[in-house]
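*Asks:* Sequential numbering from 6 applies to the sequence shown in this note's numbering.
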Amino acid sequence: MMQKPSRLEYGSIVGERYRIVRTLGTGGMSRVFMAEDLKLPGKQWAVKESVAEPQMMKLIRTEAEMLISLSHPRLPRIVDFFEHPPSGAVYLVMDYIEGMTLEAYMKGYQGHIPQREIIPFALQVLDVLDYLHTRQTPVIYRDLKPTNIMLTPEMEFKLIDFGIARSYKPELNQDTVKLGTVGFAAPEQYGAGQTDARSDLYSLGALLLYLCTGGKYSEWTSGVERYIRGELPRHLIPVIRKLLRQHPEERFQSAGEVIEELRRSAEFQPAQHGASVSEPSNTLLEYAGTRVVAVLGVSSGSGATHTAIAVSHYLARRSCSVALVELHSTAKAFARLQAVVEGAPAGRTSSSRRFEVDGVHYWQQTSRADVISLLGGSYRFIVLDLGSGQDNERLEEFLRADYPLVVGSGAEWRAQEIIGLARSLQRHPQHKWNYCLPLAPLEAVRRLRKELDHEKVFALPFHSDPFERDGEMDQVLDELFRGAIPDTRKKRFGFLKRQR
């Protein structure tokens, strides 16, 4: 509990803007409240109140500025910071995240969450740790544990509670404050060393061990292997063991190194024809790591679905296992295509949401929870057809993709559609974005590259049948996916020819 009582209660107004609604949680030196925004009616925030000694205020201000600068889909935005000197309280205002903690989610499964969710979960956590650790001034989270991970209703994992996160300072020999949760914190958080990225990786190992033993263990002790669930992939044990080494130099040295290890050695369960996305198969295949391609149109009719299909079949011809996912619940394009492929009478729909064309697995009207399950499958690539909708769910999938593709018109009078999208999301990193302009002249490509100060702008040639190989289109996609795929070819499906 807080050593000093909070001055806040229901109806209290802080920062002349946020009205307290209720208490969300209480920690050692802080409380978190839900608050409504008086300037933005209907908007709710989480307000964290902490007590600080006067001599700590300068450090706290610096750390608050660091947290406000963070921008990642798996982190709550921290939008405001202010102080109340008379009480010694400081306040962080951040996104209110609806859902339940990972700890509560585990209790719902009596500690045994589905094994197919564990590695995709680990990769999500590693994604955000990699973001934090590779910033110009690395950020060390220092309190990775089940109660600090929120699971949203859409099956999205988010880190919460940055109360003891800190910037890594190479000139220091040790941390100023020793904090962390016993059982999940690295040994150096209580010793004489300074915490760094490897400390967070230790905590990830503790968290994975906790998940793999049904909540029984978070430290590697003698005989713990007997409690690791038998159905889990065996390659996880040496990964967890290395993460939990007592000495930092013996662990993985970066989140990226762990990601590559999991992608190189993991065995996943592939999806089977006609099966539900969430139903596992009994066959295990070697897995080289799933890459996600997200295709987003800037406006209706921009060609997002056509481009997503062309990209998927290009990847399949390169001997890649590919799932093409229709991630918008009202779309009808895949249903019409399935009827043609399966020769169904007009007006009759198939009971299966999954069908196959030339090795590409198509998934109709798929939810985010299904996408998370597919990430635990055998696919080398998952291509998300996001359509032209820009709701929060689809935008978040676009922002976290390995290959985000924006599809828009190359016409000069419509260039502002793409520029407007880029500017509206300028707080998010855009170095991975690829802009695809169907039928655009080279002058339009040069103009947009200059306007956006971005080199990854491509003109897509005329390509009437996205299932069919086209030499010019392949050249463009070779450049877009350079270094990510082998250069092999497969037989192709002539969709337009079958229509004739």
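We treat Cβ as the ideally placed atom computed from N, Cα and C, and that holds for glycine.
Around the Cβ of Glu68, are there at least 16 other Cβ atoms within 10 angstroms (buried) or fewer (exposed)?
*Replies:* For the purposes of this step, residue 68 is taken as residue 63 along the sequence shown, with counting starting at 1. Label assigned to Glu68: buried.
*Asks:* Applying the criterion that 16 or more other CB atoms from any shown protein chain within 10 Å of the CB defines a buried residue, is Val345 buried or exposed?
*Replies:* Along the sequence shown, one-based indexing puts residue 345 at 340. Answer is exposed; the Cβ neighbour count stays below 16.
*Asks:* Comparing alpha-carbon positions, which option in Leu75, Ile245, Arg22 lies nearest Pro434?
*Replies:* Taking the sequence shown and counting its residues from 1, the one referred to as residue 434 is at position 429. The candidate whose alpha carbon is nearest that of Pro434 is Leu75.
*Asks:* Nearest-angstrom Cα distance between Asp100 and Pro192?
*Replies:* For this step, residue 100 is matched to residue 95 along the sequence shown. For this step, residue 192 is matched to residue 187 along the sequence shown. The alpha-carbon atoms of Asp100 and Pro192 are separated by roughly 31 angstroms.
*Asks:* For Ser172 and Ala464, I'd like the C-alpha separation in whole angstroms.
*Replies:* Translated into the one-based positions of the sequence shown, residue 172 becomes position 167. Translated into the one-based positions of the sequence shown, residue 464 becomes position 459. Note that Ser172 has pLDDT 44, beneath the 50 cutoff, so the model's placement of it is unreliable and no number is given.
*Asks:* Taking Cβ to Cβ, would you say Val37 is nearer than 8 angstroms to Lys48?
*Replies:* Looking up residue 37 in the sequence shown gives position 32. Looking up residue 48 in the sequence shown gives position 43. Not in contact: Val37 and Lys48 (Cβ atoms no closer than 8 angstroms).
*Asks:* Taking the runs of the beta strand (DSSP E) that are 3 residues or longer, which of them lie wholly in the region 39-67?
*Replies:* Qualifying beta strand (DSSP E) stretches, in chain order: 49-56.
*Asks:* Can you look up Arg257 in the DSSP assignment and give me helix, strand or coil?
*Replies:* Numbered from its first residue, the sequence shown carries residue 257 at position 252. According to the sequence shown, residue 257 is Phe rather than Arg. Phe257 falls in the coil class under three-state DSSP.
*Asks:* So Thr157 and Glu103 are supposed to be a Cβ contact under 8 angstroms. How far apart are they, rounded?
*Replies:* Numbered from 1 along the sequence shown, position 152 holds the residue referred to as residue 157. Numbered from 1 along the sequence shown, position 98 holds the residue referred to as residue 103. The pair is a contact, with the Cβ atoms about 6 angstroms apart (cut-off 8 angstroms).
*Asks:* Which of the three DSSP states is assigned to Ile242 in this structure?
*Replies:* Taking the sequence shown and counting its residues from 1, one reaches residue 242 at position 237. DSSP places Ile242 in helix when its eight states are reduced to three.
*Asks:* Under 8 angstroms: do the region 121-137 and the region 81-93 share three or more Cβ pairs, one atom per stretch?
*Replies:* The region 121-137 is not in contact with the region 81-93.
*Asks:* Since Tyr367 is in the beta strand (DSSP E), which residue starts that stretch and which ends it?
*Replies:* Position 362 of the sequence shown, counted from the first residue, corresponds to residue 367. Per DSSP, Tyr367 belongs to the beta strand (DSSP E) from 365-368.
*Asks:* Checking 8 angstroms against the spacing of the C-beta atoms, do Pro151 and Thr218 come in under that value?
*Replies:* As a working mapping, residue 151 is identified with position 146 in the sequence shown. As a working mapping, residue 218 is identified with position 213 in the sequence shown. Their beta carbons are not under 8 angstroms apart, which means Pro151 does not touch Thr218 by this criterion.
*Asks:* Which residue from Thr31, Ser357, Met39 puts its Cα closest to that of Ser17?
*Replies:* Along the sequence shown, read from residue 1 onward, the residue named residue 17 stands at position 12. The residue with the shortest Cα to Cα distance from Ser17 is Met39.
*Asks:* How close, in whole Å, do the beta carbons of Arg399 and His333 come, if the pair is a contact with beta carbons under 8 angstroms?
*Replies:* Walking along the sequence shown from the start, residue 399 turns up at place 394. Walking along the sequence shown from the start, residue 333 turns up at place 328. With 8 angstroms as the limit, Arg399 and His333 qualify as a contact, their Cβ atoms being about 7 angstroms apart.
*Asks:* Among the candidates Arg405, Ser304, Glu361, whose CA atom is the shortest distance from the CA of His318?
*Replies:* The sequence position of residue 318 within the sequence shown is 313, counting from 1. Taking only the C-alpha atoms, the option nearest His318 is Glu361.
*Asks:* Measure the beta-carbon distance from Leu149 to Leu209 and round it to whole angstroms, keeping in mind my assumption that it falls under 8 angstroms.
*Replies:* If you number the sequence shown from 1, residue 149 lands on position 144. If you number the sequence shown from 1, residue 209 lands on position 204. About 6 angstroms separates the two Cβ atoms, so the contact holds.
*Asks:* What separation, rounded to the nearest whole angstrom, lies between the Cα atoms of Ala336 and Ser393?
*Replies:* Indexing the sequence shown from 1 puts residue 336 at position 331. Indexing the sequence shown from 1 puts residue 393 at position 388. Each residue's Cα considered, the two are about 11 angstroms apart.
*Asks:* Buried or exposed, going by whether 16 or more other CB atoms sit within 10 Å of the CB of Ala202?
*Replies:* As a first step, residue 202 is located in the sequence shown; it is residue number 197 there, counting from the start. Classification of Ala202: buried, given that the 10 Å Cβ count is 16 or more.
*Asks:* With which residues is Ile311 paired in a DSSP beta bridge?
*Replies:* Translated into the one-based positions of the sequence shown, residue 311 becomes position 306. First, the residue type needs correcting, since residue 311 is His and not Ile in the sequence shown. DSSP output for His311 lists no bridge partner at all.
*Asks:* For Leu444, which residues from the same chain have a beta carbon less than 8 angstroms from its beta carbon, with the 5 sequence-adjacent residues on both sides left out?
*Replies:* As a first step, residue 444 must be located in the sequence shown, where it is residue number 439. So the qualifying residues of the chain are Gly415, Ala464, Leu465, Pro466, Phe467.
*Asks:* Using the three-state DSSP reduction, which class does Phe86 fall into: helix, strand or coil?
*Replies:* As a working note, residue 86 is residue 81 in the sequence shown. Three-state result, Phe86: strand.
*Asks:* Please report the distance separating the alpha-carbon of Asn178 from that of Gln199.
*Replies:* Sequence index remark: in the sequence shown, residue 178 carries index 173 (1-based). Sequence index remark: in the sequence shown, residue 199 carries index 194 (1-based). A caution first: Asn178 carries a pLDDT of 42, below 50, which makes its placement in the model too unreliable to give a value.
*Asks:* Which same chain residues end up closer than 8 angstroms to Met478 when comparing Cβ atoms and leaving out the 5 residues on each side of it in sequence?
*Replies:* Here residue 478 is taken as the residue at index 473 of the sequence shown, counted from 1. These residues qualify, in order along the chain: Ala315, Tyr319, Leu465, Pro466, His468.
*Asks:* Report the three-state DSSP secondary structure of Phe339 (helix, strand or coil).
*Replies:* Here the question's residue 339 lines up with position 334 in the sequence shown. If DSSP states are grouped into helix, strand and coil, Phe339 belongs with the helices.
*Asks:* I'd like to know whether the C-beta atoms of Leu457 and Ala299 end up nearer to each other than 8 angstroms.
*Replies:* For the purposes of this step, residue 457 is taken as the residue at position 452 of the sequence shown. For the purposes of this step, residue 299 is taken as the residue at position 294 of the sequence shown. Their beta carbons are not under 8 angstroms apart, which means Leu457 does not touch Ala299 by this criterion.
*Asks:* State yes or no: is the C-beta of Ile145 within less than 8 angstroms of the C-beta of Ser204?
*Replies:* As a first step, residue 145 must be located in the sequence shown, where it is residue number 140. As a first step, residue 204 must be located in the sequence shown, where it is residue number 199. Cβ distance < 8 angstroms, so Ile145 and Ser204 count as in contact.
*Asks:* Let me check one thing: in DSSP terms, what residues is Lys163 bridge-paired to?
*Replies:* On the sequence shown, residue 163 is found 158 positions in, with the first residue counted as 1. Answer is Met155.
*Asks:* From Ser357 to Gly188, what does the alpha carbon distance come to, in whole angstroms?
*Replies:* Locating residue 357 in the sequence shown gives position 352, where the first residue counts as 1. Locating residue 188 in the sequence shown gives position 183, where the first residue counts as 1. So the alpha carbons of these two residues sit roughly 45 angstroms apart.
*Asks:* Measuring CA to CA, which of Gln343, Phe86, Ala406, Thr31 is closest to Tyr23?
*Replies:* On the sequence shown, position 18 is the one that residue 23 refers to. Among Gln343, Phe86, Ala406, Thr31, the Cα nearest to that of Tyr23 is on Phe86.
*Asks:* If we require 4 or more residues per run, which alpha helix (DSSP H) segments fall completely within the region 380-461?
*Replies:* As far as the region 380-461 is concerned, its whole alpha helix (DSSP H) runs of at least 4 residues are 397-405, 420-429, 447-457.
*Asks:* What is the rounded straight-line gap between the Cα of Lys44 and the Cα of Trp50?
*Replies:* Against the sequence shown, residue 44 aligns to sequence position 39. Against the sequence shown, residue 50 aligns to sequence position 45. Cα to Cα, Lys44 sits roughly 12 angstroms from Trp50.
*Asks:* What does a CB cutoff of less than 7 angstroms around Thr28 pick up in its chain, not counting 5 residues either side in sequence?
*Replies:* If you number the sequence shown from 1, residue 28 lands on position 23. Result list for Thr28: Arg36, Phe38, in chain order.
*Asks:* Verify whether the separation of the beta carbon atoms of Ile124 and Val95 is less than 8 angstroms.
*Replies:* Taking the first residue of the sequence shown as 1, we reach residue 124 at position 119. Taking the first residue of the sequence shown as 1, we reach residue 95 at position 90. No, the pair does not count as a contact, with Cβ atoms beyond the cut-off.
*Asks:* Output the distance between the C-alpha atoms of Ile387 and Ser304, rounded to the nearest integer angstrom.
*Replies:* Within the sequence shown, the letter at position 382 stands for residue 387. Within the sequence shown, the letter at position 299 stands for residue 304. Going from the Cα of Ile387 to the Cα of Ser304 covers about 22 angstroms.
*Asks:* Going by DSSP, what residue range makes up the alpha helix (DSSP H) through Gly476?
*Replies:* For the purposes of this step, residue 476 is identified with residue 471 of the sequence shown, where counting begins at 1. Note, Gly476: alpha helix (DSSP H), 476-485.
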